[in-house]
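Per my numbering, residue 63 is the first one in the sequence shown, and the count goes up by one each step.
See structure below.
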Amino acid sequence: MDVAFHLNVPAPWPARSTYLCRLLAKAYAAGARVWVVVAPDEVARLDEALWTLPVDDFVPHVRADAAELLRKRSPVVIAGPADPLAGERGVLVNAQPEWPSVLEADGVRFARVVEVVSSDEADKAAARQRWRRYQGMGVSPVAHDRAQRSAPAPAGVGA
């Protein structure tokens with residue numbers, strides 16, 4: 063499993079949703095099947111934000127509370143932290159500060175995990191805990207610091 067931490071992503075919602083939409087659009091364009099975990103109050107907002115993308119950047123997606131068949135067929139599923147995984151996914155995007163509980167489910171495997179971390183001190187502290195937990199699993203995470211890049215394009219999400 064490859065794990066990438068995207069650091070210093072904007073914390074306020076409009077900028078954060080723009081980043082997540084670009085990340086998911088890039089993943090979809092690369093053919094990835096993505097399970098994205100956000101805070102419960104951000105599920106509907108990310109769903110709405112994805113619908114506002116230009117036609118050329120459309121990302122087919124559903125929320126985790128959609129019918130099972132839709133969840134299994136959709137390339138991108140937006141979930142809250144407690145939603146159970148549906149269908150095979152190659153990429154997990156964790157955009158909330160807790161350990162993604164879906165990684166604890168029996169038989170669940172992701173080729174790639176992208177941890178989205180804001181510049182908020184509490185978010186960074188939680189990310190450090192997750193980093194150490196991945197290391198404890200024998201994974202060597204990599205960091206992509208958004209503050210050190212001139213272009214805000216997401217990296218490391220392809221299938």
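Backbone N, C-alpha and C define an ideal beta-carbon position, used for all residues, glycine too.
Here the structure is a predicted model, which is why all the values come from computation and not from measurement.
Selected residue, minimal CA-CA separation from residue i, among the options
i           : options              : result
residue 99  : 151, 155 and 135     : 155
residue 171 : 95, 130, 193 and 106 : 95
Cβ-heavy atom distance, residue i to the ligand MG, below 6 Å
i           : result
residue 176 : The ligand MG is not among the ligands present in this structure, which contains no ligands whatsoever.
Close-in-space but distant-in-sequence residues of the same chain around residue i (CB under 6 Å, 5 per side omitted)
i           : result
residue 188 : 159
residue 209 : 70
residue 181 : 70
Cβ pair residue i, residue j closer than 7 Å
i           : j           : result
residue 122 : residue 102 : no
residue 81  : residue 65  : no
residue 89  : residue 153 : yes
residue 207 : residue 69  : yes
residue 97  : residue 139 : yes
residue 83  : residue 115 : yes
residue 157 : residue 178 : yes
DSSP bridge partner residues for residue i (one or two, in chain order)
i           : result
residue 180 : 71
residue 154 : 97 and 175
residue 207 : 69
Proximal residues to residue i (C-beta, below 8 Å), its chain only, five neighbours per side dropped
i           : result
residue 163 : 143 and 144
residue 173 : 63, 64, 152, 153 and 221
Q) How do the region 188 to 201 and the region 103 to 123 stand: do at least 3 beta-carbon pairs fall below 8 Å, yes or no? A) no
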